[in-house]
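Have a look at the structure below, then the notes.
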Amino acid sequence: MITRRFLFGISLVLVGAAGCGDFLADGHVSMLLLYAAAVLLSGWYCGRVGGIIVAMAATASWLVANRLQQPPGEGNLIFSWNAFSRLAIFLLIASAASSQSRLKSALERESHKSGTDRLTGLLNGTAFRERVEEEMERSRRYGHHFSLALIDLDEFQQINETRGTSRGDRLLQDTGEAIVQCIRKTDIAGRIGGDEFTVLFPETSGQQARCAIEKLLMALDMMTSRSGWQVTASIGVVSCEKGVETYDALLDRAATMLDAAREKGRNGAEFMVID
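Take 873 as the starting number for the sequence shown in our numbering and just add one per residue.
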């Protein structure tokens, strides 16, 4: 809101500057570009109403400046037509700018939705794959470690069967929130299907991943205890530097570690480091 008001004020200042320029130039230099810039700025950032207000202000500013400098031979009809033409041009600019701004915002929202899991708000499988592949390429180029964790809720199916899918959905949402609150801002969390969650830890070695997973297991345990969910989590973690060629291969190795964690009694994590 403050930014919009500030930009709206800047637009009006530009209009005033253009009007002063019109008056001082005595019609020899056109200030149309400065007027148009002010209207475009307000229409894009302040919306249609803000754009219309600045368009009318720009027309009024031009009207006053040029009325004072009106040539003797120019009739009122011509002067009125010129004023109407400028108002029409400014309104078209404001309308086009605000429409393009709304379209851009809508496209950004749809793009965000298309990459977001509807239930948890985390990245969905497709978007998470893209982020991991970007990190893998960066790792190949600069030789940086990264780690990937595959998280599965133990006995989740029993929650759905005994308490209903709505309660199961609530558990998935709580799990997503617990993961996000536990990891760093630079880490990336996703839900790739069912009760399977994933976390990408950029710039994270095997030892650093162990520390991060210990905190994550504690956070999930606190979440389930506080909420009354009688479930635990098993986690498979792979840490590597240029070690895996594809995302699918990386995920397969994490799944292997996840199975190993389950076989050891669940509610734990198993790690693999690829040098």
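Note that CB positions come from ideal geometry on N, CA and C, so glycine has one too.
Check your understanding: In this structure, does DSSP put Gly1140 in helix, strand or coil?
Key -> Looking at Gly1140 - three-state DSSP - the assignment turns out to be coil, as it is neither helix nor strand.
Practice item. Reducing DSSP to helix, strand and coil, say where Ile990 ends up. Key: Correcting the residue identity first, residue 990 is Arg in this sequence and not Ile. In the structure shown, Arg990 sits in coil (DSSP, three-state: anything other than H, G, I, E or B).
Check your understanding: Which residues bound the beta strand (DSSP E) around Ser1106?
Key -> Element bounds for Ser1106: Ala1105 to Cys1112.
Review point. Do Ser1011 and Val1109 have their CB atoms nearer than 7 Å?
Key: No, Cβ-Cβ distance for Ser1011 and Val1109 is not below 7 Å.
Point to revise | Test item: CB-CB of Ala927 and Ala966 under 7 Å | key: Yes, the Cβ-Cβ distance between Ala927 and Ala966 is below 7 Å.
Check your understanding: Is it the case that the Cβ atoms of His1016 and Glu1086 are separated by a distance below 7 Å?
Key -> No, Cβ-Cβ distance for His1016 and Glu1086 is not below 7 Å.
Review point. According to the Cβ coordinates, are Arg876 and Cys918 closer than 7 Å?
Key: In contact: Arg876 and Cys918 (Cβ atoms closer than 7 Å).
Check your understanding: Can the beta-carbon of Leu1022 be found less than 7 Å from the beta-carbon of Trp1101?
Key -> No. Outside cutoff.
**Study point:** Contact belief for Ala890 with Ala910 at Cβ below 8 Å, rounded distance in angstroms
**Key:** Between Ala910 and Ala890 the Cβ distance is about 7 Å, and since that is below 8 Å, they are a contact.
Point to revise | Cβ separation of Gly1062 and Phe1073, assumed to be a contact under 8 Å, to the nearest whole Å | key: For a cut-off of 8 Å, the C-beta gap from Gly1062 to Phe1073 is around 13 Å, too long to register as a contact.
Review point. Asp1067 to Leu975, Cα distance in whole Å?
Key: For Asp1067 and Leu975, the distance between alpha carbons rounds to 35 Å.
**Study point:** Span separating the alpha-carbon of Val1145 from that of Leu912
**Key:** Val1145 and Leu912: Cα-Cα distance of roughly 55 Å.
Exercise for review: Give the straight-line distance between the Cα atoms of Ala908 and Phe878, rounded to the nearest whole angstrom.
Suggested key: Rounded to the nearest angstrom, the two C-alpha atoms are 18 Å apart.
Check your understanding: If we count the other Cβ atoms within 10 Å of its Cβ and call it buried at 16 or more, is Ala1121 buried or exposed?
Key -> It counts as exposed.
**Study point:** Pair within 7 Å by beta-carbon distance, Ser1111 and Ala1081
**Key:** In this structure, Ala1081 lies closer than 7 Å to Ser1111 by Cβ.
Review point. Since Arg830 sits in a beta bridge, which residues does DSSP pair it with?
Key: With the chain covering only 873 through 1147, there is no way to say anything about residue 830.
Exercise for review: Could you check what DSSP says for Val1145 in three-state terms: helix, strand or coil?
Suggested key: Residue state, collapsed to three classes: strand.
Review point. Looking at Asp1024 and Leu1130, is the spacing between their C-beta atoms short of 7 Å?
Key: In this structure, Leu1130 places its C-beta atom within 7 Å of the C-beta atom of Asp1024.
Practice item. Identify which residue in Gly1137, Glu1135 and Glu1007 has its Cα closest to the Cα of Thr1118. Key: Relative to Thr1118, the option among Gly1137, Glu1135 and Glu1007 whose CA is nearest is Glu1007.
**Study point:** Start and end residues, alpha helix (DSSP H) containing Ser1019
**Key:** According to the DSSP assignment, Ser1019 belongs to no alpha helix (DSSP H) but to the beta strand (DSSP E) extending over Phe1018 to Leu1025.
Practice item. Verify whether the separation of the beta carbon atoms of Asp1026 and Ser977 is less than 7 Å. Key: No. Outside cutoff.
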